[in-house]
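Q: No gaps in the numbering here: position 316 of the sequence shown is 729 in this note's numbering, and each next residue is one more.
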Amino acid sequence: MSKKIFSGVQPTGNLHLGNYIGAIKNFVNLQNDSNNFCIYCVVDLHAITVKQTPKELKKNIRETTAAFIASGLDFKKSIIFNQSMVSAHSEGSWILSCVARMGWLNRMTQFKEKAGKDKEKASVGLYIYPILMAADILLYDATHVPVGEDQKQHLELARDIANKFNLDFDSSNFLIAPEPLIQKNFARIMSLKDGQKKMSKSDPSDLSRINLNDTKDQIFNKIKKAKTDTMPIPENENQLSNRPEAQNLLGIYSCLNDQPLFETINEFSGKNFSEFKDKLANLVVDKISPISSEINKLLKDENFIDKVLNDGAERAGEIAEKKIKDIKKIIGF
Ligand code: AQP
């Protein structure tokens, strides 16, 4: 079955192994299936829901684009663009915010996590972030959205918004309720310092994540210092149940080596973590270093990156502008 794919990544800093395993690796696989039409967006409007420095933001937009291309996304096969260049996203977001219900947004756990204890000081944008995400997806009639597990709830909200719009305006199937595409195993890569916390760009400790542009020495050092427990690698998956850090490291190895967890456990069972960590560091370097050097190469030609984004925005704009016109007509504007 042919799929229309849409997904995005925020240009909020260096992309990390969690973004790569949870999202971008999957983006590339989907793009390489000729039945699919893929649109990948650098979601810079989402990024400003928390404070950004203008210069840094511009740099991060280019870096995220470079990371997309270096990881294997092809700007000729897929549309690659940044969100702020297609104004239909902001317009669509406003219209859909009049369809979404407060009660739905109040249930979003990511807002609670990101706003922390001081919700009163969080931006309104952070609160309505999932509505902008719904607009991103619905403007392109995306049928499938590859995301990490943390975004599943936002996808459900996008489905609710699509269904309510269709019902309110008696226009069945006009907005397509999208399906999430979430990897079955290790959809959430955890921090190297705390197996209960997601690996994240905004974690203040750089030792908590492997960045796609880390050097070989940085990768070895971070994996060496990664938290583990004192027990050896177990004999089966069940014995990992209360060992989140061990589970995370074995999961990263399995994902990067494209093998199921039990195979990794069989390979290392009974061995201690220092031996496993050495193998893991070598594997991460093998997979990440070519991406990292390609990112650095691409970033030397800013004009090229900007041209990819401009061309992508033109192609994306054609689709999104048409959809927003139809939405306005349905609403009665
Ligand atoms: N740790 C993770 N494991 C698996 N998938 C992940 N993703 C992010 N972190 C992990 C997936 O990457 C895609 C892009 O995410 P994003 O950068 O747009 O936003 P995010 O989820 O908020 O990522 P971060 O790193 O946590 O950024 P900050 O710290 O800026 O908020 C999404 O598909 C996401 O699921």
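Cβ atoms here follow ideal geometry from the backbone N, Cα and C, with glycine treated the same way.
Just curious, the beta strand (DSSP E) that P559 is in, first and last residue?
A: From DSSP, the beta strand (DSSP E) with P559 extends over H557 to P559.
Q: Note the first and the last residue of the continuous beta strand (DSSP E) segment covering V422.
A: Run containing V422: K417 to V422, per the beta strand (DSSP E) assignment.
Q: Looking at the secondary structure, which residues open and close the alpha helix (DSSP H) in which F450 lies?
A: Note, F450: premise wrong, no alpha helix (DSSP H); beta strand (DSSP E) at F450 to V455.
Q: Looking only at C-alpha atoms, which of G745, L711 and G725 sits nearest to A483?
A: When only C-alpha atoms are compared, the closest one is L711.
Q: Cutting at 8 Å between CB atoms, please list the residues of its own chain near R520, excluding the five before and the five after it.
A: The answer, listed in chain order, is Q566.
Q: What do you get for C451, buried or exposed, if any count of 16 or more other CB atoms within 10 angstroms of its CB means buried?
A: Looking at its Cβ environment, which holds 16 or more other Cβ atoms inside 10 Å, C451 is buried.
Q: Are L539 and A528 closer than 8 Å when you measure CB to CB?
A: Yes.
Q: Please report how far the alpha carbon of D724 lies from the alpha carbon of K713, in whole angstroms.
A: Looking at the two C-alpha atoms, the distance is approximately 19 Å.
Q: Under DSSP, the alpha helix (DSSP H) around P543 begins and ends at which residues?
A: Segment V537 to L551, the alpha helix (DSSP H) holding P543.
Q: Hey, which residues come within less than 5 Å of the ligand AQP, measuring from Cβ to any heavy atom, in chain order?
A: Answer in sequence order: V422, Q423, T425, G431, N432, G435, A436, V560, G561, D563, Q564, R601, I602, K611, M612, S613, K614 and S615.
Q: Excluding the 5 residues preceding and the 5 following A694 in the sequence, name in chain order all residues of the same chain whose CB lies nearer than 8 Å to its CB.
A: Same-chain partners within the cutoff: I632, F633, I636 and K637.
Q: Starting from P703 and walking both ways along the alpha helix (DSSP H), at which residues does that stretch end?
A: Per DSSP, P703 belongs to the alpha helix (DSSP H) from F686 to L712.
Q: According to the Cβ coordinates, are F681 and I434 closer than 8 Å?
A: Going by C-beta atoms, F681 is not nearer than 8 Å to I434.
Q: Could you check what DSSP says for K388 in three-state terms: helix, strand or coil?
A: Absent from the model: residue 388. The displayed extent of the chain is 414 to 746, so no value can be given.
Q: Whose C-alpha, out of G431, K489 and N449, is nearest the C-alpha of L722?
A: Cα-wise, what sits closest to L722 is K489.
Q: Out of E476, D446, Q444 and K416, state which residue places its alpha-carbon closest to the alpha-carbon of Q423.
A: For the residues E476, D446, Q444 and K416, the minimum Cα distance to Q423 belongs to E476.
Q: Going straight from the alpha carbon of D531 to that of A436, what length do you get?
A: So the two alpha carbons sit approximately 30 Å from each other.
Q: For a minimum of 3 consecutive residues, which ranges assigned as the beta strand (DSSP E) are wholly contained in the segment 482 to 515?
A: Those beta strand (DSSP E) runs which fall completely within the segment 482 to 515 and span 3+ residues are 492 to 495.
Q: Please confirm whether A639 and L662 have their CB atoms less than 8 Å apart.
A: Yes; because the gap between Cβ atoms is below 8 Å, this pair is in contact.
Q: In whole angstroms, what separates the C-alpha of F524 from that of L568?
A: For F524 and L568, the distance between alpha carbons rounds to 14 Å.
Q: Starting from E592 and walking both ways along the alpha helix (DSSP H), at which residues does that stretch end?
A: No alpha helix (DSSP H) holds E592; the beta strand (DSSP E) holding it covers E592 to L594.
Q: Return the residue from the list K610, N655, L674 and L605 that minimises the CA-CA distance to S621.
A: S621 has its Cα closest to that of L605, out of K610, N655, L674 and L605.
Q: I believe I646 touches G608 by the beta-carbon criterion, under 8 Å. Please report the beta-carbon distance rounded to the nearest angstrom.
A: Actually they do not touch by this definition, with Cβ atoms about 15 Å apart.
Q: Check whether the Cβ atoms of L625 and Y666 lie closer than 8 Å to each other.
A: Contact: no.
Q: Between which two residues does the alpha helix (DSSP H) harbouring D573 extend?
A: That run of the alpha helix (DSSP H) goes K565 to D581.
Q: Using CA atoms only, rank isn't needed, just tell me which of A548, A480 and R656 is closest to V441.
A: It is A480.
Q: Which term fits K438, buried or exposed, when burial requires 16 or more other beta carbons within 10 angstroms of its beta carbon?
A: So K438 ends up on the buried side.
Q: Drop a sphere of 10 angstroms on the beta-carbon of M612, count the other beta-carbons inside from all chains shown, and report buried for 16 or more, exposed for fewer.
A: Under this definition M612 is a buried residue.
Q: Taking just the CA atoms, how far does A733 sit from E469?
A: If you take the alpha carbons of E469 and A733, they lie about 28 Å apart.
Q: If you pair each beta-carbon of the segment 443 to 450 with each one of the segment 672 to 681, do three or more pairs fall below 8 Å?
A: At 8 Å Cβ cutoff, the stretches do not touch.
Q: Using only the alpha-carbon positions, how far apart do S702 and I740 sit?
A: In a straight line, the C-alpha of S702 is about 45 Å away from that of I740.
Q: Which partner residues does H459 have in the DSSP bridge list?
A: Partner(s): none; H459 has no beta bridge.
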